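> Provided herewith is a single structure, encoded as structure tokens, for subsequent inquiry.
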Amino acid sequence: MKKIRDLVVDEDFQGFVLIKNADVRTAKNGKTFIAFTFQDTSGSIDGKFWDASSEEIQRFEVGRVVHLTGKREVYQGNPQVRIYKLRLTNPEEPNDPNLFMERAPVKKEAMEEEINQVLFEITNPHWNRIVRFLLNKYKKEFFEYPAAKKNHHAFVGGLAYHTTTMLHLGKSLVKEYPQLDGALLFAGIILHDLGKVIELSGAMSTEYTVVGNLVGHLVLVNEEITKACLALKIDESAEDIVVLRHMVLAHHGQLDYGSPVRPRIMEAEILHQIDNIDASMQMLTNAISKTEAGDYTERIFGMDNRSFYVPKNSE
Numbered sequence: 374m375k376k377i378r379d380l381v382v383d384e385d386f387q388g389f390v391l392i393k394n395a396d397v398r399t400a401k402n403g404k405t406f407i408a409f410t411f412q413d414t415s416g417s418i419d420g421k422f423w424d425a426s427s428e429e430i431q432r433f434e435v436g437r438v439v440h441l442t443g444k445r446e447v448y449q450g451n452p453q454v455r456i457y458k459l460r461l462t463n464p465e466e467p468n469d470p471n472l473f474m475e476r477a478p479v480k481k482e483a484m485e486e487e488i489n490q491v492l493f494e495i496t497n498p499h500w501n502r503i504v505r506f507l508l509n510k511y512k513k514e515f516f517e518y519p520a521a522k523k524n525h526h527a528f529v530g531g532l533a534y535h536t537t538t539m540l541h542l543g544k545s546l547v548k549e550y551p552q553l554d555g556a557l558l559f560a561g562i563i564l565h566d567l568g569k570v571i572e573l574s575g576a577m578s579t580e581y582t583v584v585g586n587l588v589g590h591l592v593l594v595n596e597e598i599t600k601a602c603l604a605l606k607i608d609e610s611a612e613d614i615v616v617l618r619h620m621v622l623a624h625h626g627q628l629d630y631g632s633p634v635r636p637r638i639m640e641a642e643i644l645h646q647i648d649n650i651d652a653s654m655q656m657l658t659n660a661i662s663k664t665e666a667g668d669y670t671e672r673i674f675g676m677d678n679r680s681f682y683v684p685k686n687s688e
């Protein structure tokens, strides 16, 4: 079977995929259906399984590898699969979910080494100790978790990859604008999404945890900074700690987007802008990679549900 990313509209296909999400819903006619998201190493695609029985709901669980027969279609500007047939794999067929997980394009070891080197540039001793403390506390999760359930960097290692690409942007800006406090910006970049290791359930079949839904990763990482201060005997009321907490609490930029405060220092504003750039580039790159030149991408939910034109190559 072709990879999900390589399928074209109206193409019939069959092959093995991972059930990434399986939401049981009720149609307007009162019948039950399953809203699936299928995944392989190239990406994911949605599909609806109509008139699902209770036995089929139990059989097709999240995290199971299945053999899918269907057709690639487009519905309301978004790709989807019309499911003809769906079955669980046989013992002799591929059935390891790890074989179908999309992963960061950079190896974990390389990202870990890069972030470790940046730690030497965080010259404020309080910020340095807190960042090191929290990275050590959540090291396994930080380098395995996605950065989101669906919209951007939603793959194994996505959180660390998002962080390292943001560090690249941050270093360039500090070089261009020496008035920026590089130590504060780098500390903020590394910590800004670390709360997602608590907000999300993990790399496999990612869901929001209860505390993730009800509290959110901005507040969660702020709490982790406070816990680190207690463990390290750092005064959390000191201005440098308050400033670091502001970095993570303000990084969504707008109150409507989940930030309890808007950026009020230069580095916090830049962190917000870098975060937006990197998330946008990931969403655009993913959509454009599945689109032929001269056509429009699928609608991108995280970018105001816009579709983007892919220009034809000029001579």
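Quick note on the numbering used here: the sequence shown kicks off at 374 and runs consecutively.
Glycine is no exception: its CB is placed at the ideal position from the N, C-alpha and C atoms.
Only a predicted model underlies this, so the values are computations on that prediction, with no experimental measurement involved.
#1: Lys523 CB to nearest chain C CB: under 7 Å?
#2: According to DSSP, which residues form a beta bridge with His440?
#3: Taking the CB atoms as reference points, tell me whether Ser578 and Val435 lie closer together than 7 Å.
#4: Return helix, strand or coil for Ser687, following the three-state DSSP convention.
#5: On the CB-based measure, 16 or more other CB atoms within 10 Å of its CB, does Phe473 come out buried or exposed?
#6: Apart from the five residues on each side of it in sequence, which residues of its chain come closer than 8 Å, Cβ to Cβ, to Gly555?
#7: Compute the Euclidean distance between the alpha carbons of His526 and Ile661, then round it to the nearest angstrom.
#8: Provide the residue span of the alpha helix (DSSP H) that contains Thr537, from first to last.
#9: According to the Cβ coordinates, are Leu603 and Ile571 closer than 7 Å?
#10: Between the C-alpha atoms of Leu591 and Glu384, what's the straight-line distance to the nearest angstrom?
#11: In whole angstroms, give me the CA-to-CA distance for Arg679 and Glu465.
#12: How many Å lie between Ala395 and Ala408 at the Cα?
#13: Just to confirm the assignment, what range does the beta strand (DSSP E) spanning Asp413 have?
#14: Nearest CA to the CA of Val621: which residue from Gly589, Leu391, Ser610?
#15: Arg445 and Leu391: beta carbons closer than 7 Å?
#16: Do you know offhand how far Leu553's Cα is from Ala641's?
#17: Out of Thr658, Glu671, Ile562, which has the shortest C-alpha to C-alpha gap to Ile418?
#18: Over what stretch of residues does the alpha helix (DSSP H) that includes Ser662 continue unbroken?
#19: Run the CB neighbour count on Asn686, radius 10 Å, all protein chains shown included, and call it buried at 16 or more, exposed below.
#20: In its own chain, which residues sit with a C-beta less than 8 Å from the C-beta of Pro478, not counting the 5 before and 5 after it?
#21: If you pair each beta-carbon of the stretch 646-660 with each one of the stretch 491-509, do three or more pairs fall below 8 Å?
#22: Tell me the DSSP secondary structure of Asp396 in three-state form.
#23: In its own chain, which residues sit with a C-beta less than 7 Å from the C-beta of Thr410, not counting the 5 before and 5 after it?
#24: Counting only the same chain and skipping the five closest in sequence on each side, list residues whose C-beta sits under 6 Å from that of Pro636.
#25: Would you kindly work out how many angstroms separate the C-alpha atoms of Ser632 and Asn501, rounded to a whole number?
#26: According to the neighbour-count rule (16 or more other Cβ atoms, all chains shown, within 10 Å of its Cβ), is Glu597 buried or exposed?
The structure says:
#1: Note that chain C does not occur in the displayed structure, where there is just one protein chain.
#2: Phe389, Arg460
#3: yes
#4: Any reading at Ser687 must be qualified, since the residue scores a pLDDT of 45, below 50, and its modelled position is unreliable; no value is offered.
#5: buried
#6: Glu494, Gly543, Lys544, Val547
#7: 15 Å
#8: 531-549
#9: no
#10: 42 Å
#11: 43 Å
#12: 6 Å
#13: 405-413
#14: Gly589
#15: no
#16: 10 Å
#17: Glu671
#18: 639-662
#19: exposed
#20: Tyr534
#21: no
#22: strand
#23: Lys393, Asn394, Ser417, Asp419
#24: Ala623, Glu642, His645
#25: 24 Å
#26: buried
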